[in-house]
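In the numbering used here, the protein residues as written are 1 to 282.
Idealized CB from N, CA, C, for every residue including glycine.
Okay, so here's the structure we're looking at.
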């Protein structure tokens, strides 16, 4: 717990977000919504925060807290109370970590976002790459880029080794599927990188190509809010408000929201508010 408190104390907090105090919030009259430390997670957390506020529920924002290894225990202990998650990955992580006893998943959105193994179109043409399996004969000559947690996560480097037999020449620590990773690919600093399938840069005809996960390493990662179980009893209308947001969220809309976040010319609260208005969520 000391490591978690130290980390969130240093987290960037935009739009009046605040790191959670080192005490549980499960008995107060405010719902503390958290997010991971990448833009998609932040805009999702803002969507659900505003959805709750429109239902008359007061919200405390604690965004950009860190990776799942820190956020999941914080949720289980009540330091935060709701986090938009990725269903398949969250299920695997919580099952292994035995931290799910206090948590409940709410309705999953149609929107999905999975880990994507990506190369440039030039690299794909050079090595005739269509699937992740195609990397095996050449992986030892290639550099792989991914988030700092990648070497220990079963769906990143360990999974690529176990499922696909891939052993890369070098691993380069980048950001979590964000602009640093994209630019590293485009600049040739890495040959292969982990991005997210909802990244607008992966649209058809672009410079980046997602390789097919032909051995099904990645689970189906529908956007799914997880809540601390005690919160549901305190706020009877919470589940309905959150489910309403999830019901309207598609993969295409998630990609569009990510594009607005990447543009960087509008605050996240405005992006989320406009989307909720357009979807008729009052």
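- Around the C-beta of residue 181, 16 or more other C-beta atoms lie within 10 Å, and the residue is accordingly described as buried.
- With contacts defined by Cβ atoms closer than 7 Å, residue 129 and residue 211 form a contacting pair.
- Measuring C-alpha to C-alpha distances from residue 121 to each of 160, 193, 41 identifies 193 as the nearest.
- If one requires a minimum length of 4 residues, the alpha helix (DSSP H) runs lying completely within the segment 111-176 are 121-127, 157-164, in chain order.
- In the structure shown, residue 60 adopts extended strand secondary structure according to DSSP, grouped into three states.
- Contact between the segment 270-277 and the segment 49-62 is present, with at least three C-beta pairs closer than 8 Å.
- For residue 244, the enclosing alpha helix (DSSP H) stretches over residues 238-248.
- The beta carbons of residue 225 and residue 84 sit closer together than 7 Å.
- Straight through space, the alpha carbons of residue 201 and residue 222 are spaced by roughly 20 Å.
- For the set 259, 227, 234, 28, the Cα lying nearest the Cα of residue 90 is the one of 227.
- Three or more beta-carbon pairs separated by less than 8 Å link the segment 241-260 to the segment 102-120, which places the two stretches in contact.
- According to DSSP, residue 86 shares a beta bridge with 223.
- Taking C-beta separations shorter than 8 Å and ignoring five residues to either side along the sequence, the partners of residue 167 in its chain run 139, 140, 161, following chain order.
- Around the beta carbon of residue 25, 16 or more other beta carbons lie within 10 angstroms, which makes this residue buried.
- One alpha carbon belongs to residue 203, the other to residue 209, and they sit about 9 Å apart.
- Taking a C-beta distance under 7 Å as the contact criterion, residue 216 and residue 131 do not qualify as a contact pair.
- In the structure shown, residue 200 falls within a helical segment according to DSSP collapsed to helix, strand and coil.
- For residue 65, no alpha helix (DSSP H) encloses it, and the DSSP letter there is neither H nor E.
- Spanning the alpha carbons of residue 188 and residue 125 requires a straight line of approximately 15 Å.
- Secondary structure of residue 267 (DSSP, three-state): coil.
- Restricting attention to 133, 127, 280, 170, the CA atom closest to the CA of residue 151 is found in 170.
- Less than 7 Å divides the Cβ of residue 55 from the Cβ of residue 241.
- Between residue 231 and residue 134, the alpha-carbon positions lie close to 47 Å from each other.
- Nearest C-alpha to residue 34 among 27, 235, 67, 279: 67.
- Excluding the 5 residues flanking it on each side, residue 58 has same chain C-beta neighbours closer than 6 Å at 30, in chain order.
- Residue environment for residue 233: exposed (fewer than 16 other C-beta atoms within 10 angstroms of its C-beta).
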